[in-house]
């Protein structure tokens with residue numbers, strides 16, 4: 004049996020490894036985007052009617068919450084926390 008915390012940690016390790024793989028393959032912050040329609044068209048109805056997504060502030064907060072830098076690169080501290088120190092050269 005696995006505790007919930009163990010499963011969350013495994014998921015976070017996988018998510019960060021996927022990010023490191025993508026960085027190694029040339030992905031950048033510019034690749035973290037939404038389809039143009041979601042960034043340009045206002046929501047037509049409902050409680051968020053008229054809202055247009057502003058990705059930049061959301062992306063900054065997402066990176067911060069993940070423990071990544073302003074470019075979406077996992078921090079040294081995050082990699083150490085997850086036992087992924089051997090991947091630091093990819094994040095450099």
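In our numbering, the protein residues as written are 4 to 95. For every residue, glycine included, the Cβ atom is placed at its ideal position computed from N, Cα and C. This structure is a prediction, so every number in the text was calculated from the model and none was measured.
For the alpha helix (DSSP H) containing residue i, name the first residue and the last one.
i	result
residue 63	58-69
residue 9	7-27
residue 76	It is not in any alpha helix (DSSP H) - residue 76 carries neither H nor E in the DSSP assignment.
Nearest-angstrom Cα distance between residue i and residue j?
i	j	result
residue 51	residue 92	43 Å
residue 73	residue 22	14 Å
residue 10	residue 34	28 Å
residue 47	residue 41	11 Å
residue 76	residue 53	33 Å
residue 78	residue 20	12 Å
residue 38	residue 83	34 Å
residue 24	residue 45	34 Å
residue 61	residue 29	22 Å
residue 18	residue 43	28 Å
residue 16	residue 49	37 Å
Taking 8 Å as the threshold (C-beta atoms), are residue j and residue i in contact?
i	j	result
residue 71	residue 63	no
residue 36	residue 58	yes
Quick one: using the 10 Å Cβ neighbour count with 16 as the cut-off for buried, is residue i buried or exposed?
i	result
residue 66	buried
residue 6	exposed
residue 86	exposed
residue 90	buried
With 8 Å set as the bound, which would you pick, yes or no: does the beta-carbon of residue i sit closer than that to a beta-carbon of chain C?
i	result
residue 58	Among the chains in the structure shown there is no chain C, since it carries only a single protein chain.
Would you grab the beta carbon distance between residue i and residue j for me? Rounded to a whole angstrom, and I think it's under 8 Å.
i	j	result
residue 26	residue 68	Actually they do not touch by this definition, with Cβ atoms about 18 Å apart.
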